[in-house]
Amino acid sequence: GAVVSQHPSWVICKSGTSVKIECRSLDFQATTMFWYRQFPKKSLMLMATSNEGSKATYEQGVEKDKFLINHASLTLSTLTVTSAHPEDSSFYICSAKGGLAGFETQYFGPGTRLLVL
Amino acid sequence: AQSVTQPDIHITVSEGASLELRCNYSYGATPYLFWYVQSPGQGLQLLLKYFSGDTLVQGIKGFEAEFKRSQSSFNLRKPSVHWSDAAEYFCAVGLGGGGNKLTFGTGTQLKVEL
Chain V
14 GAVVSQHPSW
24 VICKSGTSVK
34 IECRSLDFQA
44 TTMFWYRQFP
54 KKSLMLMATS
64 NEGSKATYEQ
74 GVEKDKFLIN
84 HASLTLSTLT
94 VTSAHPEDSS
104 FYICSAKGGL
114 AGFETQYFGP
124 GTRLLVL
Chain C
13 AQSVTQPDIH
23 ITVSEGASLE
33 LRCNYSYGAT
43 PYLFWYVQSP
53 GQGLQLLLKY
63 FSGDTLVQGI
73 KGFEAEFKRS
83 QSSFNLRKPS
93 VHWSDAAEYF
103 CAVGLGGGGN
113 KLTFGTGTQL
123 KVEL
């Protein structure tokens, strides 16, 4: 149980385009979803927290207009990287918690690797 | 602000040997504590967690961790490592309601020699 999927697993795009990444909780209803960014050889950095039906809360230094987060349902959150540039290239990971998966534990998706040319 | 330190960037052990991965945290109260493992192409998998109670917690895959308040540590141990344990291990501290806000350490890369 407590499986989280992400789609796509990797994406290559041209500079200036927008990219949407989906995060789904497959077997539980996620009241809260999180988006992280992981740089090579680095730790995960929390970008934002989203609760179903409400606006996301962004961490300091994260541009909310660059990284649009939508948590439209209890099983789906999306991260849209708008007008992507090479510096946005990274590994993006989502996690989810809530419902039968438990209140305290986050379950992570496999990640999406984004390369902006 | 809270912080998590994993002092060992890389660790190499022989298969069958014991393992201890170190984790220290900085926070005023007892936070929620987690160990995750990340394998290439796979998401972070929860190994174990500590919220309260018995300070020695058992996890999956034969791992255990001990919370030591006096040392602000939460070290991960395994008595006998298997080659399949080679991966990146992350310690994390959760704060806020239900440990919402996770702060991760920088990770320890484990290599297992056959």
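Just so you know, the sequences run in chain order V and C. Start counting at 1 in the first sequence, then tack on 13, and there's your number in the working numbering. Start counting at 1 in the second sequence, then tack on 12, and there's your number in the working numbering. No residue lacks a Cβ here, since even glycine has one placed at the ideal position from N, Cα and C.
N- and C-terminal bounds of the beta strand (DSSP E) containing Phe102/C: For Phe102/C, the enclosing beta strand (DSSP E) stretches over residues Ala99 to Leu107.
Have a look at Gln119/V, Ile106/V, Tyr120/V and Lys110/V and flag the residue whose alpha-carbon is nearest the alpha-carbon of Trp23/V. The candidate whose alpha carbon is nearest that of Trp23/V is Ile106/V.
Which residue wins for smallest C-alpha separation from Ser103/V, given the options Tyr71/V, Asp40/V, Gly66/V and Gly124/V? Closest in C-alpha terms to Ser103/V, from the list Tyr71/V, Asp40/V, Gly66/V and Gly124/V, comes Gly124/V.
What residue range does the beta strand (DSSP E) around Thr94/V cover? The displayed chain sequence assigns Val, not Thr, to residue 94/V. Looking at the DSSP string, the run of the beta strand (DSSP E) that includes Val94/V is Leu89 to Val94.
Does DSSP put Ser82/C in a helix, in a strand, or in coil? The three-state secondary structure of Ser82/C, taken from DSSP, is helix.
Could you pull the start and end residues of the beta strand (DSSP E) that Ser38/C belongs to? DSSP places Ser38/C inside the beta strand (DSSP E), whose first and last residues are Asn36 to Ser38.
Where does Ile21/C sit, in a helix, a strand or coil, going by DSSP? Ile21/C falls in the coil class under three-state DSSP.
Whole angstroms is fine: what's the gap from Leu87/V's alpha carbon to Pro21/V's? Just so you know, the alpha carbons of Leu87/V and Pro21/V end up roughly 20 Å apart.
Should Leu39/V be listed as close to the ligand NAD, given that the test is whether its C-beta is under 7 Å from any heavy atom? By its list of ligands, the structure shown contains no ligand whatsoever, and the ligand NAD lies outside what it can speak to.
Compare the Cα-Cα distances from Ala99/C to each of Pro19/C, Thr24/C, Gln14/C and Leu60/C and report the closest residue. Among Pro19/C, Thr24/C, Gln14/C and Leu60/C, the Cα nearest to that of Ala99/C belongs to Thr24/C.
In three-state terms, what does DSSP make of Glu100/V? Here Glu100/V sits in helix by DSSP.
For Lys77/V, count neighbouring C-beta atoms within 10 Å of its own C-beta (all shown protein chains included) and say buried if the count is 16 or more, exposed if not. By the neighbour-count criterion, in which a residue is buried when 16 or more other Cβ atoms sit within 10 angstroms of its Cβ, Lys77/V is exposed.
Return the CA-CA distance between Thr62/V and Leu122/C, expressed in angstroms with no decimal places. Here the alpha carbon of Thr62/V sits roughly 30 Å from the alpha carbon of Leu122/C.
Any idea which residues DSSP pairs Ala109/V with across the strands? Ala109/V is bridged to Met46/V and Tyr120/V.
Reducing DSSP to helix, strand and coil, say where Ser67/V ends up. In the structure shown, Ser67/V sits in coil (DSSP, three-state: anything other than H, G, I, E or B).
Could you check what DSSP says for Lys55/V in three-state terms: helix, strand or coil? In this structure, Lys55/V counts as coil in the three-state DSSP scheme.
Measuring alpha carbon to alpha carbon, tell me which of Ser56/V, Lys79/V and Thr44/V ends up nearest Asn112/C. Proximity to Asn112/C across Ser56/V, Lys79/V and Thr44/V peaks at Thr44/V, based on C-alpha coordinates.
Determine the burial state of Arg37/V: buried for a count of at least 16 other Cβ atoms within 10 Å of its Cβ, exposed for fewer. That one is buried.
Here's the rule: buried if 16 or more other CB atoms are within 10 angstroms of the residue's CB, otherwise exposed. What is Leu130/V? Around the C-beta of Leu130/V, fewer than 16 other C-beta atoms lie within 10 Å, and the residue is accordingly described as exposed.
Check whether the Cβ of Gln70/C lies closer than 8 Å to any Cβ atom in chain V. Not flagged as an interface residue toward chain V: Gln70/C, since no C-beta distance is shorter than 8 Å.
Taking a cut of 7 Å between CB atoms, which residues from the segment 66-84 of chain V lie near chain C? Within the segment 66-84 of chain V, no residue has a Cβ that lies closer than 7 Å to any Cβ of chain C.
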